[in-house]
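Q: Sharing a structure, written as C-alpha cells. Questions coming.
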Amino acid sequence: MKIKRRDFLKLSAGGSLLMATLGPTAALSNTEKKALPPDAVGILYDSTLCVGCQACMVACKQANKMPLETEDVYRRWDNPQDLSSKTLNIIKRYQDGSEATKDQEQDGYAFIKRQCMHCIEPSCVSACPVSALRKDAKNGIVSYNKDACIGCRYCQIACPFNIPKFQWESTTPEIVKCQLCNHLLKEGKYAACCSACPTGASLYGPMEDLLAEAKRRLKLEPGVYANFPLNRIGPDGSNRTTSHKVGQYVQHIYGENEVGGTQNLMLAGVSFSKLGMPELPDEPFVRLADGIQYAIYKGMAYPLALLGALIYMIRKGENNGDHKDKA
Ligand code: SF4
Ligand code: SF4
Ligand code: SF4
Numbered sequence: 000m001k002i003k004r005r006d007f008l009k010l011s012a013g014g015s016l017l018m019a020t021l022g023p024t025a026a027l028s029n030t031e032k033k034a035l036p037p038d039a040v041g042i043l044y045d046s047t048l049c050v051g052c053q054a055c056m057v058a059c060k061q062a063n064k065m066p067l068e069t070e071d072v073y074r075r076w077d078n079p080q081d082l083s084s085k086t087l088n089i090i091k092r093y094q095d096g097s098e099a100t101k102d103q104e105q106d107g108y109a110f111i112k113r114q115c116m117h118c119i120e121p122s123c124v125s126a127c128p129v130s131a132l133r134k135d136a137k138n139g140i141v142s143y144n145k146d147a148c149i150g151c152r153y154c155q156i157a158c159p160f161n162i163p164k165f166q167w168e169s170t171t172p173e174i175v176k177c178q179l180c181n182h183l184l185k186e187g188k189y190a191a192c193c194s195a196c197p198t199g200a201s202l203y204g205p206m207e208d209l210l211a212e213a214k215r216r217l218k219l220e221p222g223v224y225a226n227f228p229l230n231r232i233g234p235d236g237s238n239r240t241t242s243h244k245v246g247q248y249v250q251h252i253y254g255e256n257e258v259g260g261t262q263n264l265m266l267a268g269v270s271f272s273k274l275g276m277p278e279l280p281d282e283p284f285v286r287l288a289d290g291i292q293y294a295i296y297k298g299m300a301y302p303l304a305l306l307g308a309l310i311y312m313i314r315k316g317e318n319n320g321d322h323k324d325k326a
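Letter by letter, the sequence shown follows residues 0 to 326 in numbering that gives the first Met the number 0.
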C-alpha cells in the first residue's frame with residue numbers, strides 16, 4: 000500500500016480527526032471495493048484528446064453562474080490559475096523541455112482537467128460534522144448544502160485531491176466545488192463541461208459505460224485512427240462520434256481504484272504524477288482512518304465542531320445586522 004507523507008498528514012490531520020466526529024464506518028475490509036450507486040454517473044476525461052481550448056471551463060462558469068477571477072470589468076477574458084472559490088474546473092498544462100510533442104513526457108506537453116472526483120467513498124462527506132456534503136444514493140454525485148454548512152473547513156482537510164475551496168472573500172463563506180452540474184439534470188441536461196467539449200476529451204455518462212469506454216481506448220493501437228464518442232454516452236447519449244489518431248496511453252485508468260474509486264475517470268499519455276495527480280492508495284481514506292488515533296481525538300471533535308458552528312453563526316448574524324443597518 001502506497002502512502003506518501005502528504006497522504007499520511009491528510010489522514011492524521013484530517014481524516015482521523017474528522018472520522019472521530021462520526022465514529023468508524025464500516026463493514027468492508029480495507030481492500031474490498033464499495034459498489035457504485037445504482038444509477039452512478041460521471042465523467043471520463045481523456046488527456047490525449049484534450050486540445051486545451053478551455054471550452055469546458057467557460058461552459059462551467061456559465062452553467063454554474065460562477066464569477067470571473069478578476070473584478071476588472073474591462074477584461075474580456077478570465078484566466079484562472081487553479082481551482083478556487085470562483086473556479087470549479089480547470090485545464091492545466093504539463094510542459095517539459097522544448098515542448099515539441101503533445102502527450103510526451105520529455106520535450107513534450109499535455110493537459111489535465113481538475114475538478115471534484117466524486118469519490119465512491121468521499122472523505123469530505125465523512126468529515127463533515129453536519130452532513131452539509133452528501134453523496135446521492137442513486138447517482139453518486141457529491142453535493143453541498145450551504146444552509147447546513149457551519150464553515151469548519153474539515154472537508155478541505157479531508158479531501159485527498161485538495162478540491163473543496165472556501166470563500167475567504169465572503170463574510171458568509173461557503174464551500175465551493177463541482178457538483179457535476181446536478182442542477183441541470185432535472186432539465187434533461189448534463190455536465191456543461193462535457194456538453195461543450197468539441198473533441199470528446201470530456202465525456203459524460205453512466206459509470207459502467209465510461210469504464211468500458213476507458214478500457215476500450217487502452218486496447219486501441221497507437222497511431223491508427225479510431226472513433227471516439229462525443230459529449231455523452233449511454234442510453235441518453237447522442238451517438239455522435241469524432242475520429243482521432245490514437246495516442247500512446249499510459250495503461251492506467253486514474254480513478255478506477257484510487258481511494259476506493261471515483262466517478263471521475265482519467266486517461267493520459269503522460270504519467271499522472273507528472274500531470275499533478277496525487278499518487279494515492281486504493282483503500283479509501285475513510286476506512287484507512289478507522290482506528291488510527293480514533294481514541295485520541297474522540298473527545299476533541301465535538302467541541303471543535305461546536306466552536307466552528309458558533310463562530311460561523313455569529314459572523315452570519317453580524318453580516319445580516321450590517322445589511323439591516325444599511326437598509
Ligand atoms: S474529490 Fe474531494 S471533494 Fe470531491 S468527493 Fe472526493 S473527497 Fe469529496
Ligand atoms: S465547511 Fe461546511 S461542508 Fe465542509 S465539513 Fe464544515 S460544515 Fe461540512
Ligand atoms: S460537471 Fe459541471 S460543475 Fe463540474 S466541472 Fe463540469 S461543468 Fe463544472
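Note that CB positions come from ideal geometry on N, CA and C, so glycine has one too.
Quantities reported herein were computed from a predicted structural model and do not represent experimental measurements.
Given the structure, does residue 162 come close to ligand 1, in the sense that its CB is under 8 Å from one of the ligand's heavy atoms?
A: Within the sequence shown, the letter at position 163 stands for residue 162. Indeed, a heavy atom of ligand 1 lies less than 8 Å from the Cβ.
Q: Quick check: residue 114 and residue 42, are their CB atoms within less than 9 Å of each other?
A: Reading the sequence shown from its first residue, position 115 is the one you call residue 114. Reading the sequence shown from its first residue, position 43 is the one you call residue 42. In this structure, residue 42 lies closer than 9 Å to residue 114 by Cβ.
Q: Please state if the CB of residue 264 and the CB of residue 210 are separated by a distance shorter than 9 Å.
A: In the sequence shown, the residue the question calls residue 210 occupies position 211. In the sequence shown, the residue the question calls residue 264 occupies position 265. Yes, these two residues count as a Cβ contact at 9 Å.
Q: Note the first and the last residue of the continuous alpha helix (DSSP H) segment covering residue 152.
A: The residue labelled residue 152 in the question sits at position 153 within the sequence shown. Neither: residue 152 is in no alpha helix (DSSP H) and is coded neither H nor E.
Q: Are the Cβ atoms of residue 241 and residue 256 separated by less than 9 Å?
A: For the purposes of this step, residue 241 is taken as the residue at position 242 of the sequence shown. For the purposes of this step, residue 256 is taken as the residue at position 257 of the sequence shown. Taking 9 Å as the Cβ cut-off, residue 241 and residue 256 do not qualify as a contacting pair.
Q: Residue 94 by DSSP, collapsed to three states: which one?
A: The residue given as residue 94 occupies position 95 in the sequence shown. Strand at residue 94.
Q: Determine whether the beta carbon atoms of residue 120 and residue 33 lie at a separation below 9 Å.
A: In the sequence shown, residue 120 corresponds to position 121, counting from 1. In the sequence shown, residue 33 corresponds to position 34, counting from 1. Yes; because the gap between Cβ atoms is below 9 Å, this pair is in contact.
Q: Could you check if residue 194 is buried or exposed, using at least 16 other CB atoms within 10 Å of its CB as the buried criterion?
A: The residue given as residue 194 occupies position 195 in the sequence shown. The residue in question, residue 194, is buried, as its Cβ has 16 or more Cβ neighbours within 10 Å.
Q: Does DSSP classify residue 295 as helix, strand or coil?
A: As a first step, residue 295 must be located in the sequence shown, where it is residue number 296. Note that residue 295 scores a pLDDT of 40, beneath 50, so its modelled location is shaky; the value from the coordinates is reported in the next line. Looking at residue 295 - three-state DSSP - the assignment turns out to be helix.
Q: Check the DSSP bridge columns for residue 225 and list the partner residues they point to.
A: On the sequence shown, residue 225 is found 226 positions in, with the first residue counted as 1. According to DSSP, which records beta bridges pairwise, residue 225 is partnered with 243.
Q: When DSSP labels each residue in this structure, what does residue 206 get in the three-state scheme?
A: Indexing the sequence shown from 1 puts residue 206 at position 207. Of the three classes helix, strand and coil, the one that applies to residue 206 here is helix, per DSSP.
Q: To the nearest angstrom, how far is the alpha carbon of residue 219 from that of residue 118?
A: Indexing the sequence shown from 1 puts residue 219 at position 220. Indexing the sequence shown from 1 puts residue 118 at position 119. If I take the Cα positions, the gap works out to 27 Å.
Q: Out of curiosity, what's the CA-to-CA distance linking residue 103 and residue 130?
A: Stepping through the sequence shown from its first residue, residue 103 is reached at position 104. Stepping through the sequence shown from its first residue, residue 130 is reached at position 131. Distance between the alpha carbons of residue 103 and residue 130 is about 43 Å.
Q: Which residues mark the beginning and the end of the beta strand (DSSP E) in which residue 141 is found?
A: As a position in the sequence shown, residue 141 is number 142, starting the count at 1. Per DSSP, residue 141 is one residue of the beta strand (DSSP E) stretching across 141–143.
Q: Leaving out five residues before and five after residue 250 in sequence, what residues of the same chain have Cβ atoms less than 7 Å from its Cβ?
A: Taking the sequence shown and counting its residues from 1, the one referred to as residue 250 is at position 251. 217, listed in sequence order.
Q: Considering only the alpha carbon of each residue, which of 79, 234, 247, 204 lies closest to residue 224?
A: Counting from one through the sequence shown, the residue named residue 224 turns up at place 225. Nearest option by C-alpha distance: 247.
Q: From the DSSP output, which residues share a beta bridge with residue 264?
A: As a position in the sequence shown, residue 264 is number 265, starting the count at 1. For residue 264, which the question treats as bridged, DSSP gives the partners 43.
Q: Whose C-alpha, out of 30, 28, 47, 62, is nearest the C-alpha of residue 222?
A: Walking along the sequence shown from the start, residue 222 turns up at place 223. The residue with the shortest Cα to Cα distance from residue 222 is 47.
Q: Quick one: what's got a C-beta closer than 7 Å to residue 92's C-beta in the same chain, skipping five residues either side?
A: Within the sequence shown, numbered from 1, the residue matching residue 92 stands at position 93. For residue 92, where only same-chain residues beyond five positions count, the Cβ hits under 7 Å are 51, 108, 110.
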